[in-house]
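What follows is a short report on a single structure.
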Amino acid sequence: MKIKNTGGNVKSKIFALLFNFAFERKLLTFGVLLLFLSACKETGFQGGDLTTTFNGIESATALSPYSVQLKWNQSSKYDHFKVYRRGASSSIGTAQFSTYTVTGLNPNTTYEFAVTGVTVADGKEEGLDKFVSVTTFPAFTGITASNMTVSSATRIDLSWDMADPSITYNIYVKAAGSSWDFSAPYVSAVGINSIAVTGLKGGTQYCLYMVAQYQDNSSEPTTQDTSLVDANAPCGVTPSALANVAPVSVTPIVPGLFPWFNIPAGGDETYKYEVFEKSTNALIASQTGSGAFRAFSEVPQGPHTYYVKTTAPNGELAQNDVIIGSSANPQSQSINRGLPDTGGTPIFPDVVSGGKGVQTLGSQIVRGDFNCDGLMDIAVSAPEATPYVDPKHVDKMGAVIVYYNYLPPFDPNTNTQPPPYLKTDVAPSPTATAPNPQLIYYPTSSSNMKLGSQLAVGNINGDCQRLKDPNDPADFDEAGLCNTLYSSYSGTEGKLLNIHSCDDLAIATNPSSTSGQSVFVVFGNKDNGLETASATSFYQTDNYSCDIATNNCSPVKITPNGQSVSQFGQSIALGDFNNDSFDDLAIGATDKTTGLGKVFVLRGRQEGVTPIGAAGSFPVIDSTIYNSVGSYTGSAFTANDQFGDVLSPVYNSRECKNIPGTVQYRPNQPPPSPGFDETKCDDLVIGNPQRNSGKGSIVTCKGNMPLDSASDPQQISSWNCLEQYPSSLSSGANYGASLLSVRNFNAYPLKASQIANPQTVPNVTGALFVGAPKDSPSGVTEAGRVYAYYITPESQDTAVGGLQGILGGVSGTHSVNAINTQACNNMNNNVSTAIGATTLFHCEHQALQTSPLESYAHFGQSLGVLDDLVSLDTRGYHYLAVAAPDRDVTASDGSTVIKDAGTIYIFNPDISTLGTETATRYGNNNPLTCTTGVDCTLYLGGVSPYSVTLLYPLDLNEGAKLGLGGIVGGDFNGDLTFGDVITTAPFSNSSVEEGGEVFVFYSNNGFAPTENNVGLRLTPNISVETNYRFEMAKVIGDVNGDSYQDVMTHIDINGRIQTILFYGSSNGLITTPSPSPTAANMEPLLITLNNDPELGKRFYPVGDINGDSYDDVLLLGKNGSYIYYGGFNGLNTSTAPSHCSHWHQSPSLLSRRKQCHHPS
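Encoded structure:
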């Protein structure tokens, strides 16, 4: 009998057959059976697990021209699976589960793949003998005119070769004179190879573009380059039944640059005729009724063809070509002839700064674990960036760069694990996935979108990853909802500590934009990091965007969704305000009618962000509704108070435990267990730095929950808000200009080894830091202060505790008594606050300031936190980082003072209240049976004002403003020591003016008291130049008296004007070499003033003012008007303009005249 090995099912049949046979024979025959099975094992059978269903690869399915998906049956017998491609020398990938996607393939190519299982028992591979073939789809290059048929005035039919029924074909339509809109297709087709495009207008040219959308979320052909789209999109004109349309003609030779068109009598005189340039679809002339009419804009010399769109009063259209001359042939060309002696060579401005543009990199910086690997990543915004060239000169779209903290693979050569590091060795890219740097931007048709104006980090859809224990070979990585993972492993401390949040990133656009204010949310993913869909429009708008089966999410764009507001996105924050395990998104805005602030709080869910106004939404926090909270002599909020200018959560503010019959914060709430505490609500704090003429305040809000019998017990039904501020604020302090919450600043213990009876489980509360950067302590003008508030385990009462409670529980002022001194005792209960029948015990409120105080430093303009990683298992302390972006510093020469360069202050935690750091941490209800400092340790004492480190790079430019965009901390070089610091200087000029810069200070076991050693400087310039065009040009006279007219022009480069003078000559304008402020002879002259960046924004010929026979020029700037005098050597720019200049020669400054004194 011949036996063919075809997999596990055949093996089982053989076993059954031989077993029956053996049952009827003697012991000797049974021994033969065992020998046979042993031989089978050696020939490829899976020995030991006879019930397995793994048969190797089961299927291979093409997803696109470039990827396929492999599937097989899962079996617990195998630790993992390896994927092979026939022809490859080794495995091309590994998988934990039963699917794998192979990418980077070639179109229309057949491949063969196999999958092996690696056994748990002995690590052997099984299944390599089975290969499955699959052919990728052919590449789709789009449609051509042959695919398109104009069927009627309202319909165009399309047909094409369909590669596979799974492909979605998106059709985009552009009418003549309009722009492409790739935010959503006009119509889509799935599983068919023809479609009718309907709803069109007669007499109109339509261009159609088709994009294939594949199952792996890739698509082709590209929509990024609209000039390429225009070149490849076929066009057709729908017929029109419009009667009495007169022909439009143009003469074949046009003198000058303004063609004249003619419409003869006889047509309908009510029709409007619009003439367009065929090559550009630009409207150049229009006329109603018959007659001659001229182009209203210049048409460059050269050949041109035109078409005319005719519109009837009822909106019906017709489209025809313009007739050239008397010929009825519309294909002949009208030639525009330039005027005599104008030359024919255009002059283009030089590329500025090597093609790099302003971007203000570092305007915002945040940290988060975007791929849930337990390592902190960073996101840095560049809202002024222009990341791609737009044919319509759209600029300042804005962008965000994400850098990942990367753990390299184990090195078998050295048998060591290399430490993690911030991966910056490749350029940011819109198509990159973790761990490579990602560049995030989205196409827009309007300038000043400024994506990245605000950033916030949280976990909206509540997904986490638990990393396997490397010392447990049976353990495995596990993804799912955080709440589920915490519940599943409650009581297993080691596994709980390996659960990591898959953080999401919220990105606000320019809140002052007139083209649509919005907030984008991109979601973290364990495999790819942030799923950005960058450089495309493949995002949802005001909709849920997450698949609850897989926790995979698409980006979502959030708009006011019909709300009558402006300044939408002026502030954003993420926090879990109802403790349902999904972070909620708070967005600041302004009511268009009243000018008063309001805050939208968008509920987080597993499905993503709840759109404004959708079912289950939270109520809006409106300053008009909450005017009763006003405590400045009972005054109502006004538009000038800027309610909601800054937002932040207050992490772990109040205890929020499920109480049956009363409140249910989250289904199946996991109880506190060594390793985590998920029983706290975050509250929302709203910063109002302009309140009361700039004195400032904060409004703290906590959500009110319905009874757990409600249909939606996690929906916040209303907000309880109070306005509070320190009594000691100086006028104009801007209290609330910056906000920072830290989940566990005072290091309340999480590990079982640190928790003593009767506490038994963690009890973690947070802290809030509030910046008042223009506070003037001790009369030092705008030196700045930071106010610290510590919520403790004895002040977390659900009803009256939290931040509101420790600030007094009512609207009004509060006292701050720990001014640059310690705030807490060892039990964090040195202050008591009675609210009704409840007494809260907490620390003193603390004020931090520099010593000595420095005027106009604006200490507290931004805030950050970094971790102490020396012995994270036993303490995990936090350090406070405070920016003073306008502090003056001394350059490396030891004498030069650089104004407004900025400084970061690092404050140590107050460990004076601690005993032995490795001992048990006793809770506040323990009888203290230990001896402090010998065999126990208590709590941290908040921030220590006595040990401060100053960080700043040497020799930044004036006005760089280090720290203005924020400060983040963490371990970014894998040395497991005192945390590293990353901050920014958005106005650094190191690579290009206002290009911005990111600085990484590595701690290396601690910083020096003044630290100038920068470990890593990041200056990726992702912004192209934003202005390559001359904005105006004028003949300004003969400034050098050579009888040739001279021309002046300017370029506006992000608000800095470059004014250029070109001299005339017998050969026309002299345009070479490149313009220079030190130009010799009659070379192009660049005119600039260091103290007036807008010099030349307007300029005028003024004739010969000083009677020397040379023409002079008037230039307008930001700081005044200037007269520059002509002369034999040309325009005199060698000396700076002055009020008291000698009027014959030096430039004059015409502003408010100062008294000039002349020697007698």
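For any residue, its number in our numbering is found by taking its place in the sequence shown, counting from 1, and adding 28.
All residues carry an ideal CB built from backbone N, CA and C; glycine is no exception.
P880 has its alpha-carbon roughly 16 Å from the corresponding atom of T918.
Assignment of Q595 by DSSP, reduced to helix, strand and coil, places it in the coil class. Separation of N136 and V162 (C-alpha to C-alpha, rounded to the nearest whole angstrom) is 10 Å. Residue pairing from DSSP leaves N762 without any beta-bridge partner. Note on geometry: alpha-carbon atoms of S180 and W188 lie some 20 Å from one another. Judged by DSSP in its simplified three-state form, K202 adopts strand. Under the three-state reduction of DSSP output, V547 falls in the strand class. Taken through DSSP and simplified to helix, strand or coil, K306 comes out as coil. For V257, the enclosing alpha helix (DSSP H) covers residues T254 to N260.
Under DSSP, the beta-bridge partners assigned to N348 are V336. The beta strand (DSSP E) runs lying completely inside the segment 1115-1162 and spanning 3 residues or more are 1126-1131, 1140-1144 and 1149-1152, given in chain order.
Counting C-beta atoms within 10 angstroms of its own C-beta, T931 has 16 or more neighbours from the protein chains shown and is therefore classed as buried. Bridge pairing for V828: absent [DSSP].
For S1016, the closest C-alpha among the options S391, W100, Y884 and G227 is that of S391. DSSP places E521 in the uninterrupted alpha helix (DSSP H) bounded by E521 to L524. In this structure, the alpha-carbon of G632 lies about 13 Å from that of D710. Taking 8 Å as the cut-off, the beta carbon of P448 is found closer than this to the beta carbon of L435.
With a cutoff of 8 Å on beta-carbon distance, F289 and S307 are scored as not near each other.
Straight through space, the alpha carbons of T442 and Q241 are spaced by roughly 45 Å. Counting C-beta pairs closer than 8 Å gives three or more between the segment 1155-1166 and the segment 1061-1072, which meets the contact rule.
Per DSSP, the beta bridge partners of W288 are R322. Under DSSP, N748 forms a beta bridge with K730. When secondary structure is reduced to three states using DSSP, C510 falls in the helix class.
Residue pairing by DSSP leaves F773 without any beta bridge partner. Beta-bridge analysis with DSSP links L236 to V201. Rounded to the nearest angstrom, the gap between the Cα atoms of S117 and V111 is 12 Å. Taking 4 residues as the shortest admissible run, the segment 589-636 contains no complete alpha helix (DSSP H) segment at all.
In this structure, DSSP gives G833 a helical state, which the three-state scheme calls helix. Rounded to whole angstroms, the Cβ separation of V1075 and F1090 is 5 Å, and the two are in contact under 8 Å. Taking N1040 as the centre and dropping the five residues before and after it, the same chain places the C-beta of Y980, P981 and L982 closer than 7 Å to its C-beta, in chain order. Residue D1080 holds the alpha-carbon nearest to the alpha-carbon of G1145 among D1080, P1112 and T1106. Across the structure, A310 and F304 are spaced so that their CA atoms are roughly 5 Å apart. Rounded to whole angstroms, the separation of the alpha carbons of D418 and P374 is 21 Å.
Residue I1098 holds the alpha-carbon nearest to the alpha-carbon of L1113 among I1098, T144, N1119 and P1121. R682 is bridged by DSSP to C709. Relative to the Cα of M404, the nearest Cα in the group H1078, G1007 and P287 belongs to G1007.
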